[in-house]
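Asker: Numbers -21 to -1, 1 to 346, taken from mature numbering (1 follows the signal peptide of the UniProt record, and there is no 0), label the letters of the sequence shown in order.
Quick one: the structure is below, questions incoming.
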Amino acid sequence: MKLSIVLGLLVAAMAVAPARSQTTSYSIGNSFTQDGFKFSNGQELLSGFEQIVLAEGGSHETVPHIRCSSALHSIVADPDTVCITPRSPYDKFPNALPNYEWDFVTMQPHLTQSSTLQDDIDSILTFISLAQQNPQNADTVFYIYATWPGQTTWPYQSEWETPFVDDPTTATRSQREYYEHLLEDVRELTDATVYVVPAGEVLFELDKQIAAGTIPGVTSLNYFYRDLIHLTDEGRYMAAMTFYSMFFKTSPVGLARPTISYGDESATTPGLNDILQQTIWDVVSDHPLSGYTDFNNDEFVDDLDLNIWSSDYGSDRGGEDFIAWQRTYRPPLSNVAGVPEPTTLVLSAMATLSVLLRPRRCAWAGV
């Protein structure tokens, strides 16, 4: 098979890799986090996110610490106040984080209660420190949940792209540069692996598509809002799929839509599911802070990640992962001198890819 044909198939192939089984996450925030996972206030009820993972053949437990209408520093100061009953036996974050093993921990800043950049930094470091007290959490991946601006601050585009004032007293904001600086500041103060879940960026891209008239039947971004700040089921499904892509580092294209949590797809705008899934993939796979192609979780996208991709190709890694890696390749500064130029490395990867494909039957051929 010619290499050009192989690469063309790789670009076209959007097969979803199965979720890893038996994974866990702990999620701290307010009703925005509740929207993101669609938690239910009942021990026996699966969240919408868990239903998605289950439908894809995986097993995942996500445990909430939700304090409604609150910022992270308020949650730290008063861990006993919650608006969703924590699952047993984990309980609230002071007990859950250090005493149980977690694959992922998510933390959601919010602009209420006079929260500042420094408040968010300190709170996130508190959660990380608690989790790392448990040696089993040495490889836990932490995520800052980058949520969306409320409608009172719109137009969405200008609000999301507002320049950041680099000062620790800057108020918490749902803006791109705020989350970028927050992540940078947190990374400087911890050895933990920390990324951003770019849900607000996905809505930013959807807003551009709506303005261009490319989402049939949707004329305003408020289609995804049920009030001034909270999301409809369409928006919640978008957020859950974004988390899925982040946790399992795989494309959301083709994900199941559990009707018990998100309603019947036939009742939505025709083709909207496909648009949501493709937009999430475009954002997550190309976002510099998502860690999507950082397969070894060292916060750099480099040749080491390519090696992992090569060894896992056909199992957990597909052609779409290679294309994403190629776009986001950024070696660590300390290794620049010893790492080939991206063009050379990509050519080497192509050669490896052609060898890998020759003895195997294509994954997208249904084998």
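Where is the CB? At the ideal position from N, CA and C, for every residue including glycine.
Note that the structure is a prediction, hence the values are computed from the model and not measured.
Under the DSSP definition of a beta bridge, which residues are partnered with Glu40?
Answerer: For Glu40, which the question treats as bridged, DSSP gives the partners Thr3.
Asker: Assuming Tyr122 is part of the beta strand (DSSP E), what are its boundary residues?
Answerer: Here the beta strand (DSSP E) through Tyr122 covers Val120 to Tyr124.
Asker: Counting pairs of beta carbons, one from the segment 187 to 199 and one from the segment 111 to 124, are three or more of them closer than 8 angstroms?
Answerer: Too few Cβ pairs lie closer than 8 angstroms, so no.
Asker: Using a Cβ-Cβ cutoff of less than 6 angstroms, which residues in the same chain neighbour Phe18 once the five nearest sequence positions on both sides are dropped?
Answerer: Closer than 6 angstroms at the Cβ level, and outside the excluded window around Phe18, lie Ser26, Pro43 and Ile63.
Asker: Thinking Ala110 and Val144 are a contact (beta carbons under 8 angstroms), I'd like their distance in whole angstroms, please.
Answerer: With a Cβ gap of about 30 angstroms, Ala110 and Val144 do not count as contacting.
Asker: Indicate the three-state DSSP secondary structure (helix, strand or coil) for Ile107 in the structure shown.
Answerer: Looking at Ile107 - three-state DSSP - the assignment turns out to be helix.
Asker: Look at the alpha carbon of Gln1 and the alpha carbon of Glu80, and state the distance between them as a whole number of angstroms.
Answerer: Answer to the nearest angstrom: the Cα atoms are 11 angstroms apart.
Asker: On the DSSP bridge assignment, give the partners of Tyr204 in chain order.
Answerer: Looking at the DSSP assignment, Tyr204 forms a beta bridge with Leu210.
Asker: Can you give me the C-alpha to C-alpha distance between Ile100 and Ser94, rounded to a whole angstrom?
Answerer: When rounded, the distance between both Cα atoms is 11 angstroms.
Asker: Give the secondary structure of Gly242 by DSSP, where H, G and I count as helix, E and B as strand, and everything else as coil.
Answerer: Correct three-state label for Gly242: coil.
Asker: For Ala260, which of Thr248, Phe222, Gly250 and Tyr135 has the nearest alpha-carbon?
Answerer: A quick correction: the sequence has Trp, not Ala, at residue 260. Taking only the C-alpha atoms, the option nearest Trp260 is Phe222.
Asker: Starting from the N-terminal side, write out each stretch of the beta strand (DSSP E) that is 3 residues or longer and does not extend beyond the segment 134 to 182.
Answerer: Taking only runs of at least 3 residues, the beta strand (DSSP E) segments lying wholly in the segment 134 to 182 are 172 to 176.
Asker: Do Ile103 and Leu51 have their beta-carbon atoms positioned less than 8 angstroms apart in this structure?
Answerer: A contact, by the Cβ cut-off of 8 angstroms.
Asker: So, with DSSP's three-state summary, where would you put Ile45?
Answerer: It is a strand residue.
Asker: Could you round the C-beta distance between Asp212 and Tyr241 to whole angstroms and report it? I think they count as a contact, below 8 angstroms.
Answerer: About 5 angstroms separates the two Cβ atoms, so the contact holds.
Asker: On the CB-based measure, 16 or more other CB atoms within 10 Å of its CB, does Pro142 come out buried or exposed?
Answerer: Exposed.
Asker: Using C-beta distances below 7 angstroms, list every residue in its chain close to residue 375, excluding the 5 sequence neighbours before and after it, in chain order.
Answerer: The question about residue 375 has no answer here: the residues shown for the chain are numbered -21 through 346.
Asker: What separation, rounded to the nearest whole angstrom, lies between the Cα atoms of Ile189 and Gln136?
Answerer: If you take the alpha carbons of Ile189 and Gln136, they lie about 12 angstroms apart.
Asker: Report all residues from its chain with a CB closer than 7 angstroms to the CB of Glu140; omit the five preceding and five following residues, and keep chain order.
Answerer: Closer than 7 angstroms at the Cβ level, and outside the excluded window around Glu140, lie Arg155.
Asker: CB-CB under 7 angstroms to Leu210, same chain, minus the five flanking residues each way: which ones, in chain order?
Answerer: Around Leu210: Asp14, Phe203, Tyr204 and Ala218.
Asker: Please classify Ala56: is it buried, with 16 or more other beta-carbons within 10 angstroms of its beta-carbon, or exposed?
Answerer: By the neighbour-count rule (16 or more Cβ atoms within 10 Å), Ala56 is not buried but exposed.
Asker: What's the gap between the Cα of Thr229 and the Cα of Pro249?
Answerer: Taking the straight line from one Cα to the other gives about 24 angstroms.
Asker: Please report how far the alpha carbon of Asp147 lies from the alpha carbon of Tyr157, in whole angstroms.
Answerer: Sequence check: residue 147 is Pro here, not Asp. Their Cα atoms are separated by approximately 11 angstroms.
Asker: Opposite Met225 in the DSSP bridges: which residues?
Answerer: None, per the DSSP bridge assignment.
Asker: Buried or exposed, going by whether 16 or more other CB atoms sit within 10 Å of the CB of Ile31?
Answerer: Buried: at least 16 other Cβ atoms inside 10 Å.
Asker: From the DSSP output, in three-state form, read off Phe72 for me.
Answerer: In this structure, Phe72 counts as helix in the three-state DSSP scheme.
Asker: Can you tell which of Tyr5, Asp253, Asp186 and Tyr124 has the C-alpha that lies nearest to the C-alpha of Val176?
Answerer: The residue with the shortest Cα to Cα distance from Val176 is Tyr124.
Asker: Taking the beta carbon of Ala178 as the centre, do at least 16 other beta carbons fall within 10 Å, making it buried, or is it exposed?
Answerer: Buried.
Asker: Taking the straight line between their C-alpha atoms, what separation do you get for Phe226 and Met86?
Answerer: In a straight line, the C-alpha of Phe226 is about 14 angstroms away from that of Met86.
Asker: Excluding sequence positions up to five away, which residues of its chain have a Cβ less than 7 angstroms from the Cβ of Ala34?
Answerer: Same-chain partners within the cutoff: Ala235 and Pro237.
Asker: Check whether the Cβ atoms of Phe16 and Thr41 lie closer than 8 angstroms to each other.
Answerer: Yes; because the gap between Cβ atoms is below 8 angstroms, this pair is in contact.
Asker: Which term fits Ala75, buried or exposed, when burial requires 16 or more other beta carbons within 10 angstroms of its beta carbon?
Answerer: The residue is buried, with at least 16 neighbouring Cβ atoms inside 10 Å.
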